[in-house]
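Numbered according to the working numbering, the sequence shown spans residues 1 to 398. By construction, the Cβ of each residue, glycine as well, lies at the ideal position given by its N, Cα and C atoms.
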Amino acid sequence: MSSVYYALITVGVLVSASKILGVAFERVGVNHIVGEMLGGMVMGPYALGYILNNALRGVVGFDLININNYVVAISDIALIFLIFSSGVGEGFAPMRRSGGKGLVVAVGGAAVPFAAAYYYYYYVARYDVKAAMLLGATFMATSTAVVVKMLDRMGNRDARELVYNAVVLDDVVGIISLAVVLTLATAARVTIRTAIETAAGLIAVWGLMLVLSLLIIPRAMNALKRPELIESSSLAAAFAMSGISVMVGLSPVVGAYLAGISVGESLIRERAKAFSQTIEESLGPLFFAVLGAQIPLANFLNPGVDLGVITVTAIAIATKALGAMIFSLPFTRKIKDSAAIGAMMIPRGEVGLVIAATGFDMGVITPQLYTEVTMMIMLTTLLGPLLVWNGSRNGSRD
Numbered sequence: 001m002s003s004v005y006y007a008l009i010t011v012g013v014l015v016s017a018s019k020i021l022g023v024a025f026e027r028v029g030v031n032h033i034v035g036e037m038l039g040g041m042v043m044g045p046y047a048l049g050y051i052l053n054n055a056l057r058g059v060v061g062f063d064l065i066n067i068n069n070y071v072v073a074i075s076d077i078a079l080i081f082l083i084f085s086s087g088v089g090e091g092f093a094p095m096r097r098s099g100g101k102g103l104v105v106a107v108g109g110a111a112v113p114f115a116a117a118y119y120y121y122y123y124v125a126r127y128d129v130k131a132a133m134l135l136g137a138t139f140m141a142t143s144t145a146v147v148v149k150m151l152d153r154m155g156n157r158d159a160r161e162l163v164y165n166a167v168v169l170d171d172v173v174g175i176i177s178l179a180v181v182l183t184l185a186t187a188a189r190v191t192i193r194t195a196i197e198t199a200a201g202l203i204a205v206w207g208l209m210l211v212l213s214l215l216i217i218p219r220a221m222n223a224l225k226r227p228e229l230i231e232s233s234s235l236a237a238a239f240a241m242s243g244i245s246v247m248v249g250l251s252p253v254v255g256a257y258l259a260g261i262s263v264g265e266s267l268i269r270e271r272a273k274a275f276s277q278t279i280e281e282s283l284g285p286l287f288f289a290v291l292g293a294q295i296p297l298a299n300f301l302n303p304g305v306d307l308g309v310i311t312v313t314a315i316a317i318a319t320k321a322l323g324a325m326i327f328s329l330p331f332t333r334k335i336k337d338s339a340a341i342g343a344m345m346i347p348r349g350e351v352g353l354v355i356a357a358t359g360f361d362m363g364v365i366t367p368q369l370y371t372e373v374t375m376m377i378m379l380t381t382l383l384g385p386l387l388v389w390n391g392s393r394n395g396s397r398d
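What follows is the structure, encoded as structure tokens:
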């Protein structure tokens with residue numbers, strides 16, 4: 001039997017396990033991403049998958065759980081839908097109405113943790129500059145899904161809107177940063193000058209693609225006369241923009257996001273959103289399950305890994321909260337509201353996991369570092385809402 005069909009069996013097992021745990025975690029108030037990643041870890045080739053493979057190999061003649069190139073390819077397609085769906089849901093409106101405030105908080109809240117993580121990995125942990133930059137980028141982006149669920153705990157309407165705009169733009173900053181660090185990771189030599197030139201060039205390319213996609217895609221979508229063309233046209237936009245992004249030196253997720261926000265500006269937004277969410281809910285768990293399945297559980301028996309997880313999680317929480325608080329203070333003018341904004345920006349999520357997985361696949365970061373970073377993202381996803389809940393409870397007592 002072809003490796004393609006083996007991959008489909010692996011996909012079926014991982015999606016089932018991750019979806020079950022994702023739903024279970026959501027029912028107790030924890031972000032589904034944590035459950036989906038744990039589903040991948042539990043059923044992956046380093047845990048139950050290893051036991052199943054050994055038990056059934058003699059019966060079925062192959063490994064039931066095997067993360068081969070086909071599984072990774074299907075996972076990459078799932079990622080494109082994940083990012084595309086995020087763009088469709090938001091559209092360009094948050095960037096348009098933020099008035100620069102959300103951008104300031106997003107950039108400031110991303111720059112502080114990036115700088116701290118880069119300093120730690122390069123100067124303290126003594127990793128090379130490429131690994132330090134890529135790891136620093138994983139600290140930047142906040143989980144939009146988690147923050148949206150916490151917004152009802154923030155009483156100040158202006159602060160709530162500032163957080164929403166900041167977290168949406170935070171994803172954009174993270175995706176651009178991903179493109180920059182991936183380009184630098186493949187460069188022969190990295191200097192401050194090459195970093196600045198690369199960042200400026202990619203931001204310019206991203207801006208040009210944004211303008212062109214907003215001019216072309218909504219008009220093309222609005223011209224569709226037959227409703228059944230909406231789904232196929234949305235798919236075409238997502239895949240085409242992802243391919244164009246790769247051609248111009250950007251990550252495919254950048255193109256998927258641009259396609260999403262462009263479709264989100266068209267008249268067919270609601271139907272396209274429903275369609276993309278259906279596919280995302282089906283394939284999205286696979287992406288997070290494959291990420292979890294690639295984490296060797298034996299790493300957790302290493303005291304160095306455990307200490308590393310605690311250290312980087314503390315850095316991630318402190319720097320994100322501090323950065324968002326400082327850069328939001330000129331707009332809220334209240335320390336309490338700015339502190340709440342800082343706490344809400346703590347959870348990391350999809351973009352950080354994408355960066356970590358990409359760095360791991362490229363060989364820039366080691367399995368131990370990959371474990372540390374993914375565990376940091378999961379812990380901030382768990383601890384962020386707890387800090388916000390505790391803060392809102394204490395605030396209600398005042």
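When the options are compared against residue i, the one with the closest alpha-carbon
i    : options                   : result
M41  : A237, E26 and S18         : S18
G249 : K225, V211, A204 and A238 : A204
T183 : S251, I317, S2 and I268   : S251
A199 : R226, M241, L267 and V181 : V181
M378 : F288, M43, F114 and K101  : F288
N69  : S2, L21, A240 and F300    : S2
V112 : A137, A187, Y122 and R126 : A137
R160 : I341, I244, G29 and I77   : I341
A110 : G359, A318, F331 and P330 : A318
F419 : G284, V60, V172 and G100  : Residue 419 lies beyond the residue range present for the chain, which begins at 1 and ends at 398; the question has no answer from this structure.
T358 : L48, Y50 and D76          : D76
Beta-carbon contacts of residue i that lie in its chain and below 6 Å, excluding the five residues immediately before and after
i    : result
G108 : G323 and F327
V147 : V167 and M344
A339 : M325
D63  : N53
Distance between residue j and residue i (C-alpha atoms, nearest Å)
i    : j    : result
M140 : A298 : 28 Å
A220 : T191 : 42 Å
I416 : R333 : The chain is shown only over 1 to 398; residue 416 falls outside these bounds and no answer can be derived.
A185 : G58  : 42 Å
R189 : D337 : 43 Å
L79  : V88  : 14 Å
T311 : W206 : 34 Å
I66  : A256 : Residue identity differs from the one stated: residue 66 is Asn in this sequence, not Ile. Taking the straight line joining both Cα atoms gives about 28 Å.
S242 : V351 : 16 Å
M247 : I20  : 38 Å
N54  : G44  : 13 Å
A117 : A316 : 8 Å
V309 : N302 : 11 Å
S396 : N165 : Only weak support exists for where S396 lies, its pLDDT of 48 falling under 50; the coordinates are left without a value.
L286 : T371 : 18 Å
Q368 : L383 : 22 Å
V105 : V254 : 21 Å
I268 : N222 : 7 Å
D170 : V124 : 27 Å
F300 : R226 : 54 Å
L52  : R193 : 51 Å
R27  : L224 : 40 Å
Y119 : V60  : 50 Å
V354 : I335 : 33 Å
F239 : S245 : 10 Å
Cβ neighbour criterion (16 or more within 10 Å) applied to residue i
i    : result
D128 : exposed
T15  : A quick correction: the sequence has Val, not Thr, at residue 15. That one is buried.
D158 : exposed
E197 : exposed
K320 : buried
I175 : buried
D361 : exposed
T142 : buried
L212 : exposed
L162 : buried
L386 : exposed
G349 : buried
V218 : The sequence given here places Pro at residue 218; Val does not occur at that position. With 16 or more Cβ atoms within 10 Å of its Cβ, P218 is classed as buried.
G102 : buried
S282 : exposed
Contact set for residue i: own chain, Cβ-Cβ below 7 Å, skip 5 residues either direction
i    : result
V364 : K130, A131, L134 and A185
R71  : In the sequence as displayed, the identity of residue 71 is Val instead of Arg. Excluding residues within five positions, the ones whose Cβ falls inside 7 Å are A7, T10, V11 and V290.
A93  : none
E280 : F81, L82 and S85
A24  : G35
Cutoff 8 Å; reference residue i; Cβ partners in own chain excluding five residues on either side
i    : result
L214 : F92, I261, S262 and E265
Rounded Cβ spacing between residue i and residue j (contact assumed at less than 8 Å)
i    : j    : result
S234 : A272 : 5 Å
M37  : G201 : M37 to G201, Cβ: 34 Å. No contact.
E228 : F275 : Contact flag wrong, Cβ pair sits at about 11 Å.
T380 : A356 : Their Cβ separation, rounded to whole angstroms, is 13 Å, which puts T380 and A356 out of contact at 8 Å.
Y46  : P296 : 5 Å
T278 : M376 : Actually they are not in contact, since the Cβ atoms of T278 and M376 sit about 31 Å apart, beyond 8 Å.
Proximity test, Cβ basis, 9 Å: residue i and chain D
i    : result
L184 : The structure shown contains no chain D; it is built from a single protein chain.
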